[in-house]
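Residue numbers (the UniProt record's numbering): 1 to 695.
All residues carry an ideal CB built from backbone N, CA and C; glycine is no exception.
Please read these numbers as outputs of a predicted model, since none were measured by experiment.
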Ligand code: WTA
């Protein structure tokens with residue numbers, strides 16, 4: 001077990017749906033699941049000689065932390081003062097209610113203040129004389145393709161795009177969908193929206209037409225900004241064709257018209273000549289911006305004006321549009337970027353995440369620009385053209401802070417350390433991890449091989465909903481334990497609760513909740529405040545419920561054990577089992593489907609689908625492929641099941657509820673540890689399923 005990904009809390013998970021967490025709270029950790037021997041993990045002292053941490057030691061952290069939670073108004077106001085505010089916030093600027101028993105959930109930060117995040121990301125630095133500093137260091141899919149954009153150049157492009165959007169009637173509060181690969185125009189489009197107070201909704205370029213259509217329709221986007229195509233490794237993807245289909249579907253389903261599609265040409269993937277173009281609706285990015293001035297008026301917005309929506313998967317229903325607001329998000333992403341990456345203006349930083357996910361929002365588009373870093377924007381994948389790409393890029397730009405996901409670390413680790421050793425990497429100071437629990441073996445490799453033992457690892461736990469890092473080491477400030485996200489960031493009060501919402505003290509394991517609002521708390525679910533309350537605040541009244549399980553050790557360090565709901569984390573991508581199940585059931589030959597996660601050496605978790613066919617249908621390889629294709633077309637290739645297991649019947653309780661705990665054990669070949677199955681309506685299905693495994 002040691003060295004693989006131990007994740008006991010995944011098995012807590014029969015409390016699949018948050019509303020059920022309340023009712024079915026009787027869910028206890030499965031006694032048979034392995035516990036990570038956290039107390040045996042050797043501590044890694046913090047004595048890295050290569051830099052002075054902003055927070056010198058644990059005592060300084062404790063003093064700052066204490067103030068941040070006792071005097072949030074003062075603590076965060078001091079930091080906010082570093083920014084430009086068109087109008088300052090009120091003296092008492094915070095208020096929140098996290099307890100559904102006391103009325104509607106609401107959160108407010110920097111009340112009374114007016115600001116603009118794009119201004120603070122760009123104009124502020126240009127005004128301070130840093131206009132010629134590189135802002136984006138774009139590195140294409142092919143190593144020969146690269147480009148540099150300075151802060152002044154990015155500001156100019158953002159203004160031109162902002163002017164164009166205004167010219168077609170987009171203004172404050174309007175939603176704009178963005179579906180693009182990792183080219184500089186993607187963060188530029190986001191910043192242009194922010195400049196005029198429009199609300200961006202970035203959809204990851206790996207989503208299918210149907211998934212994009214749902215997201216366009218839900219927020220009623222007026223405009224879609226997309227690209228002609230993208231190269232991912234050696235694969236060419238015709239993004240515009242997918243976008244066309246999505247717009248058509250969104251309009252059919254919702255009678256909602258996307259008035260304009262702006263198409264940015266990615267020449268090395270799909271050229272203009274090969275791009276389908278709808279006259280009267282589509283416009284090339286270049287044509288749209290032609291003649292637009294490189295200056296644009298700033299829309300000063302209230303601190304609580306929505307900055308963006310980002311759709312994310314939960315246990316139930318369709319993905320939720322998580323809403324983040326300007327002021328609190330700005331101050332929090334800045335502060336976490338600064339302290340967690342020990343980042344100063346001018347530092348060269350690289351986050352490998354795509355802007356389609358929250359990490360690309362907070363730690364690519366916004367946080368590092370607020371600090372004033374120069375950052376790599378990477379179009380490609382870590383293993384193309386070879387598994388040394390990351391280290392070649394690190395050396396090329398002299399990257400100081402590198403931030404990636406455990407799944408990438410594991411796949412590079414598998415490729416072998418020779419790829420790493422070919423490059424000297426001596427610019428590296430801090431290595432970050434995000435998206436899923438990092439197993440101690442991968443942590444060790446990252447630390448000892450990639451960082452040559454010179455760089456602390458910041459294992460950052462957070463979520464789309466939290467907007468920024470929540471539990472994370474501060475580099476070189478306190479001892480690390482491989483696999484632990486360690487201690488809460490300023491302003492964050494994490495608690496571990498039992499199934500009855502009792503806070504557990506000291507060493508404990510249970511559900512991870514947050515007790516008070518932090519500046520980048522999600523403010524609502526777009527168009528559905530009820531769902532926001534039901535999902536996040538009703539399961540454990542008085543707390544924000546993260547959906548994760550956690551353990552706190554004797555030193556107060558947190559160990560995230562993984563999701564306790566029906567969300568699977570595949571290569572750091574959140575996928576709702578319900579979404580995959582409905583994509584499978586959409587196939588006419590599929591009667592029922594149940595999806596669970598299973599341990600996967602590279603992806604962290606893989607998707608394992610049990611499928612019951614319609615009467616008279618038979619199991620064939622073709623059908624297996626069709627079912628996988630159905631998931632690809634409803635969601636996207638990244639959600640395709642790794643395994644399809646034919647199931648004549650599913651293990652259900654007498655009331656008809658599928659016992660996923662049993663399915664998880666079968667998927668992981670641990671049927672000798674099924675526990676009590678006496679409540680199953682028909683216990684014989686278990687043996688049937690075991691017999692059909694691999695068939
Ligand atoms: C998981 C990504 C353990 C967790 C920023 C969370 C982690 C979900 C870590 C959010 C970490 C993220 N250690 N687990 N350092 N970081 N997770 O919304 O299960 O895409 O709930 O945000 O990823 O995924 P999301």
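Is residue i near the ligand WTA, with its Cβ less than 7 Å from a heavy atom?
i, result
"residue 606", "no"
"residue 547", "yes"
"residue 562", "yes"
"residue 518", "no"
"residue 138", "no"
"residue 434", "yes"
"residue 745", "Outside the displayed range of the chain (1 to 695) lies residue 745, so it cannot be described from this structure."
"residue 574", "yes"
"residue 480", "no"
"residue 485", "yes"
"residue 312", "yes"
"residue 242", "no"
"residue 96", "no"
"residue 358", "yes"
"residue 463", "yes"
"residue 407", "no"
"residue 459", "yes"
"residue 569", "yes"
Going by the DSSP bridge assignment, what does residue i pair with across the sheet?
i, result
"residue 669", "Answer is none; residue 669 lacks a bridge partner."
"residue 161", "Bridge partners of residue 161: none, in fact."
"residue 377", "138"
"residue 567", "576"
"residue 713", "Outside the modelled stretch of the chain, which goes from 1 to 695, sits residue 713, for which no answer is possible."
"residue 696", "Coverage of the chain is limited to positions 1 through 695, which leaves residue 696 absent and any answer about it impossible."
"residue 461", "471"
"residue 184", "DSSP lists no partner for residue 184."
"residue 179", "226"
"residue 324", "308"
"residue 652", "658"
"residue 558", "486, 552"
"residue 590", "613"
Could you tell me if the beta carbon of residue i falls within a distance shorter than 7 Å of some heavy atom in the ligand NAP?
i, result
"residue 437", "Among the ligands in the structure shown, the ligand NAP does not appear; only the ligand WTA can be found there."
Should residue i go down as buried or exposed, given a rule of 16 or more other Cβ atoms within 10 Å for buried?
i, result
"residue 619", "exposed"
"residue 52", "exposed"
"residue 116", "buried"
"residue 342", "buried"
"residue 338", "buried"
"residue 298", "buried"
"residue 698", "With the chain covering 1 to 695 only, the question about residue 698 has no answer from this structure."
"residue 684", "exposed"
"residue 420", "buried"
"residue 562", "buried"
"residue 417", "exposed"
"residue 546", "buried"
"residue 161", "buried"
"residue 345", "exposed"
"residue 125", "buried"
"residue 372", "buried"
"residue 148", "exposed"
"residue 36", "Low local confidence applies: a pLDDT of 48 at residue 36 is under 50, so the model's placement there is unreliable, and no value is given."
"residue 127", "exposed"
"residue 682", "exposed"
Sequence ranges, alpha helix (DSSP H) only - wholly within the segment 202-290, length at least 4 = 209-219, 239-254, 285-289
Is the segment 273-288 in contact with the segment 76-88, if contact means three or more CB pairs nearer than 8 Å?
-> no
Does the segment 200-214 come within contact of the segment 144-160, defined as at least 3 CB pairs closer than 8 Å?
-> no
Are three or more beta carbon pairs between the segment 513-526 and the segment 437-450 nearer than 8 Å?
-> no
Say whether the segment 473-480 touches the segment 46-61, bearing in mind that this needs 3 or more beta-carbon pairs closer than 8 Å, one atom from each stretch.
-> yes
Validate contact between the segment 312-319 and the segment 566-582 using beta carbons, cut 8 Å, 3 pairs | yes
Using 8 Å as the Cβ pair cut-off and three pairs as the minimum, do the segment 286-296 and the segment 178-191 touch?
-> no
Beta strand (DSSP E) segments (min. 3 residues) lying fully within the segment 480-534 | 494-497, 508-514
Do the segment 381-391 and the segment 492-503 meet, that is, are 3 or more Cβ pairs less than 8 Å apart?
-> no
Is there contact here, the segment 598-613 with the segment 167-178, by at least three beta-carbon pairs under 8 Å?
-> no
Counting only runs of 3+ residues fully inside the segment 417-450, write out the beta strand (DSSP E) ranges in chain order.
-> 430-434
Can at least three beta-carbon pairs, one atom from the segment 549-565 and one from the segment 494-510, be found at a separation below 8 Å?
-> yes
Three CB pairs or more closer than 8 Å across the segment 672-688 and the segment 604-614 | no
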